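J.: Take this structure first; my questions come after.
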Ligand code: 13P
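Residue numbers (our numbering): 4 to 255.
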């Protein structure tokens, strides 16, 4: 039985003043959801604030990206060691917004995942197809290609120290989530591909769904056999909505 993880991705949103109330609400809310893991992925400048407010709570914190390089002349990048300094448990890698805006390749995303794991940070590795790719019938080919790059770089056994997230690009920020059938089909296909390499890793891996998750659709999505939680964008900025998704995960 895999535990459920509800992770908020704040993206480039928040301020010291706004975050304070949100983090306190999430800290209090997580305390009454003992069966669900909760986490927030905050912008780099707010990691210290998240650490300060969430230390000792049942909500973990992490970053939205990390460099694959250990240190050096990489202006604007943030290393695994720096995230460890801020006591991050997780970092997202390969979010579609970074793949699209920063031209991150499958190989680079895989290298980031490997760097995170080697530094004892759990990467939440995002995969997902665009609308054009889905309409062309290429969904599984795209997510398999993205996953295979990670498997080639990490090897299947180190994948056991990661979390996978299926985020169809067309469902992100659009209000239009994948249907339960669409989500389950891709999650099951991802798990099968990993299970074919190592059954134990496949059976144990948490695979999150992301893309317009909200209180109204969370119960249905979280109840799917191969969905082990959610990566939540917009709704993670509203404490009541984020906690409602956490409660849905606890009851699903
Ligand atoms: P939304 O929940 O706002 O659609 O964003 C999903 C996402 O990109 C999480 O990483």
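Just so it is clear, CB atoms sit at the ideal spot from N, CA and C, and this is done for glycine as well.
Only a predicted model underlies this, so the values are computations on that prediction, with no experimental measurement involved.
Is residue 100 near the ligand 13P, in the sense that its beta carbon is under 8 Å from a heavy atom of that ligand?
T.: yes
J.: If you drop the 5 nearest sequence neighbours on each side, which residues of the same chain put their C-beta closer than 8 Å to that of residue 110?
T.: 152 and 156
J.: Would you kindly work out how many angstroms separate the C-alpha atoms of residue 39 and residue 9, rounded to a whole number?
T.: 7 Å
J.: Distance, Cα to Cα, residue 43 vs residue 54?
T.: 11 Å
J.: With three or more C-beta pairs closer than 8 Å as the rule, is the stretch 178-186 touching the stretch 197-204?
T.: Under the 8 Å Cβ criterion, the stretch 197-204 does not count as touching the stretch 178-186, having fewer than three qualifying pairs.
J.: Under three-state DSSP, which class holds residue 217?
T.: Here residue 217 sits in coil by DSSP.
J.: Return the chain-ordered list of same chain residues with a C-beta closer than 6 Å to the C-beta of residue 97, the five sequence neighbours on each side being excluded.
T.: These residues qualify, in order along the chain: 112, 128 and 129.
J.: So, are the CB atoms of residue 217 and residue 238 less than 9 Å apart?
T.: yes
J.: Going by DSSP, what residue range makes up the alpha helix (DSSP H) through residue 197?
T.: Taken as a continuous stretch (DSSP letters only), the alpha helix (DSSP H) holding residue 197 covers 183-200.
J.: Is the distance from the Cβ of residue 5 to the Cβ of residue 208 below 9 Å?
T.: yes
J.: Assuming the contact rule is C-beta atoms closer than 8 Å, residue 165 and residue 120 should be a hit. Round their C-beta distance to whole Å, please.
T.: Residue 165 to residue 120, Cβ: 6 Å. Contact.
J.: Excluding sequence positions up to five away, which residues of its chain have a Cβ less than 6 Å from the Cβ of residue 143?
T.: 192
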